[in-house]
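Trainee: One structure, as structure tokens, below. Some questions next.
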Amino acid sequence: MNPILHEKFVDIYTNYKHLVLFVCYKYLKDKEKSQDVTSDIFRELLEHPERLNNVKNIRNWLFTITKNKCFKELKGIQSEQSKVTEYFEYQTNSLWQDVEINFTIVKEQLHMQQHLIDVLHAALKKLKHNHRVCLTMYYLENKNYQEIMDATNYNFRQVDNFLYYGKQRLRKILGKEGWNGDEFNKIFNV
């Protein structure tokens with residue numbers, strides 16, 4: 237490097253580095269990015285000292301260079317933010333679509349379960365009273381044999397028989413309604 241240009245560069249660096257850093261910080265509002273951009277400006281100036289030959293007002297020239305470099309940096313940041321924003325918007329939209337699909341599936345399942353409950357209640361009504369009472373208490377109200385005996389005054393053998401034959405009759409009724417054995421087994425833990 238030409239000694240005169242080198243001396244000119246050192247003079248510019250010492251007198252204007254704080255001004256360049258201040259302008260960078262004013263635009264970028266980030267200390268580290270401001271320091272990086274300031275270093276880049278002076279590094280480029282050091283690599284291409286011939287740019288100093290035609291400069292009449294160093295301060296104005298440096299301000300313009302710094303401002304343009306900051307705008308370029310901000311444009312890059314905005315582009316990255318835009319990409320991140322687009323990604324999150326895509327993910328959010330995708331998530332909402334998944335939620336809507338899952339909601340629809342759950343809604344359909346609830347509708348099917350409600351239909352099954354309605355069919356089950358209709359089938360229970362077709363049973364004899366003692367079978368219906370024992371099955372309802374045991375499977376729907378989760379009562380044990382002793383609780384059923386206490387509530388109905390049936391003995392153990394009667395409760396056991398009413399549950400056994402009630403399930404058989406209920407299975408036949410539900411079979412006529414189009415239920416298969418797997419659906420019955422799931423409900424009655426058979």
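Letter by letter, the sequence shown follows residues 237 to 426 in my numbering. Glycine residues also receive a C-beta, built at the ideal position from the N, C-alpha and C atoms. Small disclaimer: the values here were computed from a predicted structure and weren't measured.
Among residues of its own chain, excluding the 5 on either side of leucine 310, which ones have a beta-carbon nearer than 8 Å to its beta-carbon?
Mentor: The answer, listed in chain order, is Tyr263, Leu264.
Trainee: Give the DSSP-derived three-state secondary structure of glycine 414 in the structure shown.
Mentor: Reduced to three states, the DSSP call for glycine 414 is coil.
Trainee: Straight-line CA distance for threonine 340 to methionine 373?
Mentor: Distance between the alpha carbons of threonine 340 and methionine 373 is about 33 Å.
Trainee: To the nearest angstrom, how far is it from the Cα of glutamine 333 to the Cα of methionine 348?
Mentor: Taking the straight line from one Cα to the other gives about 22 Å.
Trainee: Where valine 256 and serine 315 are concerned, what is the direct C-alpha to C-alpha distance, given to the nearest angstrom?
Mentor: About 24 Å.
Trainee: Using 8 Å for Cβ pairs, my map puts phenylalanine 398 next to histidine 367. What's the rounded Cβ distance?
Mentor: Right, the Cβ-Cβ distance comes to about 5 Å (below 8 Å), so this counts as a contact.
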